[in-house]
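Enquirer:
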Amino acid sequence: MRRLVTALIIVAILAATAFWLSRPKPVAVTVASVGTGTVEATLANTRAGTVEACQRTKLSTIVGGRIEYLGVKEGDKVDKGQLLLKLWNDDQQASSTLAAAQVTLAAKRAEEVCIAATNAEKEASRQAELRARGFVSPSREESARTDAEVRRAACATARADIAQAEARLKSTRVDQGRVALYAPFAGTVAKIVGELGEYSTPSPPGVPTPPAIDLFDASCLYVKAPMDEVDAPKIAVGQPVRITLDALPGKVLTGTVRRVAPYVSAVEKQARTVDIEVDFAKPDEAAGLLVGYSADVEIILATRENVLRIPTAAILEGGKVLLLEDGKLVERSIKAGLANWEHTEISEGLQAGERIVTSLERSGVVAGAKATEEQAAR
Numbered sequence: 127m128r129r130l131v132t133a134l135i136i137v138a139i140l141a142a143t144a145f146w147l148s149r150p151k152p153v154a155v156t157v158a159s160v161g162t163g164t165v166e167a168t169l170a171n172t173r174a175g176t177v178e179a180c181q182r183t184k185l186s187t188i189v190g191g192r193i194e195y196l197g198v199k200e201g202d203k204v205d206k207g208q209l210l211l212k213l214w215n216d217d218q219q220a221s222s223t224l225a226a227a228q229v230t231l232a233a234k235r236a237e238e239v240c241i242a243a244t245n246a247e248k249e250a251s252r253q254a255e256l257r258a259r260g261f262v263s264p265s266r267e268e269s270a271r272t273d274a275e276v277r278r279a280a281c282a283t284a285r286a287d288i289a290q291a292e293a294r295l296k297s298t299r300v301d302q303g304r305v306a307l308y309a310p311f312a313g314t315v316a317k318i319v320g321e322l323g324e325y326s327t328p329s330p331p332g333v334p335t336p337p338a339i340d341l342f343d344a345s346c347l348y349v350k351a352p353m354d355e356v357d358a359p360k361i362a363v364g365q366p367v368r369i370t371l372d373a374l375p376g377k378v379l380t381g382t383v384r385r386v387a388p389y390v391s392a393v394e395k396q397a398r399t400v401d402i403e404v405d406f407a408k409p410d411e412a413a414g415l416l417v418g419y420s421a422d423v424e425i426i427l428a429t430r431e432n433v434l435r436i437p438t439a440a441i442l443e444g445g446k447v448l449l450l451e452d453g454k455l456v457e458r459s460i461k462a463g464l465a466n467w468e469h470t471e472i473s474e475g476l477q478a479g480e481r482i483v484t485s486l487e488r489s490g491v492v493a494g495a496k497a498t499e500e501q502a503a504r
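Going by our numbering, the sequence shown opens with residue 127, and the numbers climb by one from there.
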């Protein structure tokens, strides 16, 4: 009997030890206290935006030809109206010289004819006086008057010839403008296609021919960014924006939406976006940025301050959270308000100071499981 009791005691001890060793261990979780702060509803661009110049033009000559003059290099700053490039046009210059000579000749001929017309009119007046005195016949007076009228008409024709010659000269000068490029505004030369002596091809609309000169004005910059078409109805001109650039890590610039495109762009299949343009709120902060920098924008739709909030990553599907209470995970339903990737406003279901679980991705983190708070590494 004593041996039996001893055996039973040993079995019980072994069973208790096995149960103790095999019992479920509490899950280590990270927690965050429910607190108050600012929550914003925001929208972000789907792909990287770009820093653009307010004024940028890609210039090409209207006609093709050999480059005879190239007065700038890439990176040069130019003034408004400065000659940038000119094609060979000796034939046009010769035509212009000929037209100028024709203007001079027409003027001389008109002077000659009009002097003769003036003299003929004087002679007609004298013949009229002589006829009144009876010294000449009526036919003689009529002949003198007719001659004066013909010469006056010839004078008018000669002056019309001057106008025609001047129009021809103007036409040749217009043709010369087809082979020259002038800066439409003060700016910086970004790119030049072609070298001195090479043939430059015009770039008509719809034809993928690179322009001869790419010119931009870096004194005024803005950001152009694509937004998901689903978010387009929420975006309006004047909304505040935060701008970040890879070239300036850690720096946030402010801006405002100045334009929302009135159409949807389908750059890629299943990727339809609406382009927006954002002005820098403080242009001085944008000074020195390079045109073409990649930029990200975050549009602020609404802001609420001093509201109850929790990390957005702590919310389960269905609007629920897990709380750590007395070493156990407890599920609770909440009512959320404004939200972004970082924080979500809580209008019902939680109180300040309560501890919610944020490590939802860990195995075993479910309602009812025993858990312990993970201590931060020192």
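Note that beta-carbon positions come from the ideal geometry of N, C-alpha and C, so glycine has one too.
1) Assess contact between the region 178 to 185 and the region 344 to 360, defined as three or more Cβ pairs (one per stretch) separated by less than 8 Å. Is contact present?
2) In terms of residue numbering, what span does the beta strand (DSSP E) encompassing residue 184 cover?
3) List the DSSP bridge partners of residue 159.
4) Do the region 150 to 161 and the region 491 to 501 make contact, defined as three or more Cβ pairs closer than 8 Å?
5) Given residue 504, which residues of its chain have a CB within under 6 Å of its CB, disregarding the five upstream and five downstream residues?
6) From the DSSP output, in three-state form, read off residue 498 for me.
7) Kindly indicate which three-state DSSP category residue 378 falls into: helix, strand or coil?
8) Can you give me the Cβ contacts of residue 163 inside the same chain, cut-off strictly under 6 Å, excluding the 5 residues immediately before and after it?
9) Considering only C-alpha positions, which residue in the set 169, 409 and 468 is nearest to residue 356?
10) Could you check the C-alpha separation between residue 479 and residue 443 for me, to the nearest Å?
11) Who pairs with residue 342 in a beta bridge, going by DSSP?
12) Got a sec, what are the start and stop residues for the alpha helix (DSSP H) residue 249 sits in?
13) Spatial neighbours of residue 381 within its chain, please: CB distance less than 6 Å, with the 5 preceding and 5 following residues excluded, ordered by chain position.
14) Using the three-state DSSP reduction, which class does residue 146 fall into: helix, strand or coil?
15) Only counting the same chain, and skipping five residues up and downstream in sequence, which positions put a Cβ closer than 8 Å to that of residue 426?
16) So, using beta-carbon positions, are residue 236 and residue 293 closer together than 8 Å?
17) Candidates 313, 469, 303 and 250: which alpha carbon is nearest residue 276's?
18) According to DSSP, simplified to helix, strand and coil, what is residue 476?
19) Under 8 Å between the Cβ atoms of residue 185 and residue 337?
20) What residues in its chain sit with their C-beta under 8 Å from that of residue 441, if we drop five residues either side in the sequence?
21) State yes or no: is the C-beta of residue 402 within less than 8 Å of the C-beta of residue 361?
22) Check each candidate in 279, 195 and 297 and name the one with the smallest Cα separation from residue 324.
23) Do residue 183 and residue 371 count as a contact pair if the criterion is CB distance below 8 Å?
24) In three-state terms, what does DSSP make of residue 518?
25) Within its chain, find whatever has a CB closer than 8 Å to the CB of residue 379; leave out the 5 residues flanking it on each side and keep chain order.
26) What are the start and end residues of the beta strand (DSSP E) that includes residue 397?
27) Give a yes or no on contact between the region 302 to 322 and the region 212 to 222, applying the rule of three or more CB pairs nearer than 8 Å.
28) Less than 6 Å between C-beta atoms, sequence neighbours within five positions excluded: which residues of the same chain meet that for residue 160?
29) Excluding the 5 residues flanking residue 494 on each side, which residues of the same chain have their C-beta closer than 6 Å to its C-beta?
30) Compute the Euclidean distance between the alpha carbons of residue 241 and residue 298, then round it to the nearest angstrom.
Expert: The structure says:
1) Taking a cut-off of 8 Å on C-beta distances, the region 178 to 185 touches the region 344 to 360, as three or more cross pairs fall below it.
2) 175 to 185
3) 481
4) yes
5) With a pLDDT of 39 at residue 504, under the threshold of 50, the modelled position of that residue is not reliable, and the figure given next carries that caveat. Around residue 504: no qualifying Cβ.
6) strand
7) strand
8) 435
9) 169
10) 23 Å
11) 182 and 314
12) 216 to 259
13) 367, 369, 404, 405, 406 and 407
14) Note on residue 146: pLDDT 48, under 50, position unreliable in the model; no value is reported.
15) Hits under 8 Å: 166, 167, 168, 365, 366, 367 and 368.
16) Residue 293 sits away from residue 236, with the two beta carbons spaced by 8 Å or more.
17) Ranking 313, 469, 303 and 250 by CA distance to the CA of residue 276 puts 250 first.
18) coil
19) Taking the C-beta atoms as reference points, residue 337 is found nearer than 8 Å to residue 185.
20) 447, 460, 462 and 470
21) yes
22) Considering only 279, 195 and 297, the residue with the shortest C-alpha distance to residue 324 is 195.
23) For the pair residue 371 and residue 183, the CB atoms are not nearer than the 8 Å cut-off.
24) The displayed coordinates of the chain run from 127 to 504. Any statement about residue 518 would go beyond what the structure contains.
25) 368, 369, 370, 371, 406, 407, 408, 411 and 412
26) From DSSP, the beta strand (DSSP E) with residue 397 extends over 397 to 406.
27) Because the criterion of three Cβ pairs below 8 Å is met, the region 302 to 322 and the region 212 to 222 touch.
28) 436, 476, 478 and 480
29) none
30) 31 Å
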